[in-house]
Amino acid sequence: MASWNSFPLQVTYEALGWFAFFSWSISFYPQVILNFRRKSVVGLNFDFVLLNLTKHSSYLIYNASLYFSSAIQNQYYKKYGYGEMIPVAANDVAFSIHAVLLTAITLFQIAIYDRGEQKVSKISIGIVSVAWLTAAVCFFIALPTHSWLWLLSIFNGIQVFMTVIKYIPQAIFNFLRKSTDGFSIGNILLDFSGGVGNYLQMVVQSVDQDSWVNFYGNIGKVLLSLISVLFDILFIIQHYVLYPTAKKGSKWVDSSEQDEQVREHLVAPDQTAQENV
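Numbering of the sequence shown is given in our numbering, commencing with residue -2 and proceeding in unit increments.
Next up, the structure:
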């Protein structure tokens, strides 16, 4: 098993990992708090939340299995070499657990708060159903030969796919409404910080080990960071450049008059948005 060559790089790796953990973890709270203050989820795309739950659940299965299972770790070493380090850290597991819990809380808020005319699209329900059906079929394929590392690659692929598509409904939603009201920009800013920290953490490990197996051995984590950062930039542009009047200063948008304006935006375009997404 590999060990760290540089203590300063090891400390930097741990610091960046926990920085990403706290940034990503805290990023869930602005939206939850915004929903709670407004007692409304109008403006938050439900497809985004449903796809996000599937994404984080898949990522949790991948991280927890590779981090805790010695059998899967042995399969990883056989494939990539015993001189390599397992590309999953404790902060990855902690983040995944926290992400699943907070996304589930957001779904609960969708169930109990005012949601106007919004609903989850049939397309998103179909995508999620196919994803979990695929995972179930692959589990039974891997079971006879105990090909657990291959099975984890399936879950890794699911979380990457969900990462790619989960942002699209909200981005289109904002575009059709010409507004980001009801969608927390604090979530995005923190998510952006976490994505950058996560990517830098992998770079530090690769520099210390003088090997880039850390990247192609965990391509899901690489794509997760890059895709998240790119969409975060898009949301930042939507919020601050394209639709800057959607917010007033840094105050929460929670007045009944503003909520009614948001609902008026949603009544007409929401049907088209959900079908197209």
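Heads up, the beta-carbon is just placed ideally off N, CA and C, and yes, glycines get one too.
For residue j and residue i, the rounded distance between their alpha carbons
i: L239; j: L31; result: 22 Å
i: Q235; j: I107; result: 23 Å
i: S62; j: F158; result: 19 Å
i: F25; j: T100; result: 8 Å
i: K245; j: Y237; result: Residue placement at K245 is poorly supported in this model, since its pLDDT is 46, which falls under 50; the coordinates still yield a value, given next. Using only the alpha carbons, I get a separation of about 11 Å.
i: Q202; j: Y64; result: 16 Å
i: V46; j: L57; result: 16 Å
i: W129; j: W145; result: 17 Å
i: V117; j: D44; result: 5 Å
i: H53; j: V90; result: 11 Å
i: P141; j: K76; result: 19 Å
i: W15; j: G40; result: 31 Å
i: Q115; j: I102; result: 18 Å
i: N71; j: F170; result: 45 Å
i: K119; j: N42; result: 13 Å
i: D229; j: S37; result: 23 Å
i: L50; j: V97; result: 6 Å
Start and end residues, alpha helix (DSSP H) containing residue i
i: T160; result: W145 to R174
i: V275; result: Residue numbering for the chain in the displayed model covers -2 to 274; residue 275 lies beyond these limits and cannot be assessed.
i: G123; result: K119 to A139
i: I69; result: S67 to Y77
In DSSP terms, what residue i is bridged to
i: S37; result: D111
Whole-Å CB distance - residue i paired with residue j, under 8 Å assumed
i: V161; j: I224; result: 6 Å
i: F92; j: S22; result: 6 Å
i: L220; j: A168; result: About 18 Å; that fails the 8 Å criterion.
i: G194; j: L13; result: 5 Å
i: L48; j: V125; result: 7 Å
i: F189; j: S55; result: Rounded, the Cβ-Cβ distance is 22 Å, inconsistent with contact.
i: I69; j: L186; result: The pair is not a contact, with the Cβ atoms about 35 Å apart (cut-off 8 Å).
i: Q28; j: S181; result: 4 Å
i: S20; j: G191; result: 4 Å
Closer than 6 Å: residue i CB and nearest the ligand ZN heavy atom
i: A101; result: Questions concerning the ligand ZN fall outside what the structure shown contains, since it holds no ligand whatsoever.
Residue ranges of each beta strand (DSSP E) within the stretch -2 to 52, 3 or longer: The stretch -2 to 52 contains no whole beta strand (DSSP E) run of 3 or more residues.
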